[in-house]
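Undergrad:
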Ligand SMILES: [Zn+2]
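See the structure below:
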């Protein structure tokens with residue numbers, strides 16, 4: 026059995042921005058021919074595996090450099106002719122379009138069932154209460170319950186189903202970007218979420234009527250945004266524009282949506298600040314946000330616990346949270362100062378968390 030992933034890692038894994046596309050068998054990285062090109066695109070070099078022929082092909086959308094690995098381990102590398110390059114680009118475009126179309130059909134299917142999922146019994150609502158989500162939030166965001174979310178097949182080819190909490194991912198103007206499923210009994214406890222594949226999870230807006238501009242507060246995960254929204258509203262009666270990113274590693278296309286935002290308070294989980302020789306996850310996210318949104322003023326807000334735990338598990342009040350917002354210092358855009366500022370912030374965290 027050909028271990029495609031390890032062959033790909035071995036040959037191209039060391040190139041800049043190497044990553045696997047979440048939703049499909051495709052890997053991207055910087056071009057091995059170092060052709061340069063538009064620095065805002067990180068996916069110039071595309072790697073795909075053709076299961077029929079067994080050939081692994083990497084090709085550059087920018088310059089046409091192509092590398093093939095054949096089943097016998099034989100490698101070739103050359104430049105595509107301009108006709109071949111045009112053909113590859115067109116094929117990739119069509120494939121991309123097809124994937125999006127199928128995904129949007131699946132999204133329509135779930136969109137049509139949101140009201141049904143939202144018809145919850147009191148025991149289903151109780152499941153949400155365990156996550157500190159109030160009834161009015163359930164109703165406002167049309168949260169729901171699905172008894173039989175399909176999550177894959179077992180060894181004998183039968184569908185495996187799981188109970189799931191259903192979270193419509195509302196973006197600006199109540200556009201449904203995706204539907205997220207929080208599995209209640211996941212076979213792997215570290216793999217609790219599903220979504221409509223082929224589409225990014227999207228950004229969840231706690232205030233879908235307010236656009237993505239001005240000042241925003243960003244949390245990692247939708248339930249945390251909802252919890253923070255509940256606390257802010259009941260404590261102040263005012264709306265805060267809280268946006269959830271799906272994880273601490275949001276894709277570029279979501280980060281680019283913050284282009285009109287002037288000021289952002291970023292609340293990531295404390296584990297994103299664990300130092301490693303290559304920096305912290307928080308540093309990376311911040312650098313990415315600033316790189317792609319050069320006018321953004323970004324304040325990391327370093328709460329010692331996860332934000333939902335902070336209020337609901339440990340019982341802190343909104344007044345306890347406010348100082349964290351004002352204590353944050355902006356990260357200076359693109360300047361060398363950024364790194365010393367981040368180091369200082371990390372130093373502060375260590376003291377706070379002890
Ligand atoms: Zn290239």
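Residue numbers (this note's numbering): 26 to 379. For every residue, glycine included, the Cβ atom is placed at its ideal position computed from N, Cα and C. Note that the structure is predicted; figures quoted are calculated from it, not measured.
Do residue 53 and ligand 3 come close, with the Cβ less than 7 Å from some heavy atom?
TA: In the structure shown, ligand 3 is absent; the only ligands present are ligand 1.
Undergrad: Quick check on the burial criterion: 16 or more other C-beta atoms within 10 angstroms. Buried or exposed for residue 331?
TA: By the neighbour-count rule (16 or more Cβ atoms within 10 Å), residue 331 is buried.
Undergrad: Give me every residue whose Cβ sits closer than 6 Å to any heavy atom of ligand 1, in chain order.
TA: Answer in sequence order: 56, 58, 60, 69, 85, 87, 88, 90.
Undergrad: By DSSP, does residue 88 sit in helix, in strand, or in coil?
TA: Correct three-state label for residue 88: coil.
Undergrad: What's the gap between the Cα of residue 118 and the Cα of residue 131?
TA: Rounded to whole angstroms, residue 118 to residue 131 spans 20 Å at the Cα level.
Undergrad: Distance, Cα to Cα, residue 171 vs residue 136?
TA: Looking at the two C-alpha atoms, the distance is approximately 13 Å.
Undergrad: Once DSSP output is grouped into helix, strand and coil, what is the label at residue 295?
TA: Three-state DSSP puts residue 295 in a helix.
Undergrad: Below 8 Å between beta carbons: does that hold for residue 408 and residue 286?
TA: This structure leaves residue 408 out entirely; the chain is present only between 26 and 379.
Undergrad: Just to confirm before moving on: does the CB-CB distance between residue 37 and residue 79 stay below 8 Å?
TA: Result no, Cβ atoms of residue 37 and residue 79 do not sit closer than 8 Å.
Undergrad: Taking the C-alpha atoms as reference points, what is the distance between residue 157 and residue 56?
TA: When rounded, the distance between both Cα atoms is 47 Å.
Undergrad: According to DSSP, what are the bridge partners of residue 119?
TA: Note: residue 119 sits in no beta bridge, so no partner.
Undergrad: Output yes or no for whether 8 Å exceeds the beta carbon distance between residue 293 and residue 263.
TA: Cβ distance not < 8 Å, so residue 293 and residue 263 don't count as in contact.
Undergrad: In angstroms, rounded to a whole number, what distance separates the CA positions of residue 211 and residue 52?
TA: Looking at the two C-alpha atoms, the distance is approximately 27 Å.
Undergrad: Specify the secondary structure class of residue 241 as computed by DSSP and reduced to three states.
TA: Correct three-state label for residue 241: strand.
Undergrad: Given this structure, state the Cα-to-Cα distance separating residue 203 from residue 147, to the nearest angstrom.
TA: The alpha-carbon atoms of residue 203 and residue 147 are separated by roughly 26 Å.
Undergrad: Look up residue 232 in the DSSP assignment and say whether it is helix, strand or coil.
TA: Residue 232: coil per DSSP, three-state reduction.
Undergrad: Using alpha carbons as the reference points, say which of 312, 31, 346, 109 lies closest to residue 252.
TA: Residue 252 has its Cα closest to that of 346, out of 312, 31, 346, 109.
Undergrad: Contact between the region 170-187 and the region 265-275: three or more CB pairs below 8 Å?
TA: At 8 Å Cβ cutoff, the stretches do not touch.
Undergrad: Do the CB positions of residue 138 and residue 114 come within less than 8 Å of each other?
TA: No, the Cβ-Cβ distance between residue 138 and residue 114 is not below 8 Å.
Undergrad: My output table needs one value for residue 126: the three-state DSSP class, helix, strand or coil.
TA: It is helical.
Undergrad: Hey, how far is the Cα of residue 297 from the Cα of residue 97?
TA: Roughly 42 Å separates the two Cα atoms.
Undergrad: Please check the pair residue 336 and residue 291, which I expect to be a contact at CB under 8 Å, by giving their CB distance rounded to whole angstroms.
TA: Not confirmed; about 18 Å, so no contact.
Undergrad: With DSSP collapsed to three states, give me the class of residue 76.
TA: In the structure shown, residue 76 sits in coil (DSSP, three-state: anything other than H, G, I, E or B).
Undergrad: Using the C-alpha atoms, what's the distance from residue 260 back to residue 150?
TA: Residue 150 and residue 260: Cα-Cα distance of roughly 23 Å.
Undergrad: Would you grab the beta carbon distance between residue 143 and residue 168 for me? Rounded to a whole angstrom, and I think it's under 8 Å.
TA: With a Cβ gap of about 7 Å, residue 143 and residue 168 count as contacting.
Undergrad: Would the beta-carbon of residue 33 fall within 8 Å of that of residue 81?
TA: The answer is yes: Cβ separation under 8 Å.
Undergrad: As a quick exercise: from 240, 319, 338, pick the residue whose alpha carbon is nearest that of residue 350.
TA: Selected option, being the one with the closest Cα: 240.
Undergrad: If I'm right that residue 268 touches residue 230 with Cβ under 8 Å, what's the distance once you round it to whole angstroms?
TA: Right, the Cβ-Cβ distance comes to about 6 Å (below 8 Å), so this counts as a contact.
Undergrad: Return yes when the Cβ of residue 54 is within less than 8 Å of the Cβ of residue 19, no when it is not.
TA: Residue numbering for the chain in the displayed model covers 26 to 379; residue 19 lies beyond these limits and cannot be assessed.
Undergrad: Please return the same chain residues whose Cβ sits closer than 6 Å to the Cβ of residue 185, not counting the five positions on each side in sequence.
TA: Contacts found: 176, 177, 179.
Undergrad: Does residue 207 pass the burial test, meaning 16 or more other C-beta atoms within 10 Å, or should it be called exposed?
TA: Burial call: buried.
Undergrad: Please identify the residue among 256, 103, 226 whose C-alpha is closest to the C-alpha of residue 162.
TA: Taking only the C-alpha atoms, the option nearest residue 162 is 256.
Undergrad: Apart from the five residues just before and just after residue 284, which ones in its own chain have a Cβ nearer than 6 Å to its Cβ?
TA: The residues are 318.
Undergrad: Throw me the rounded Cβ distance for the residue 205 and residue 247 pair, which I believe falls under 8 Å.
TA: About 7 Å; that satisfies the 8 Å criterion.
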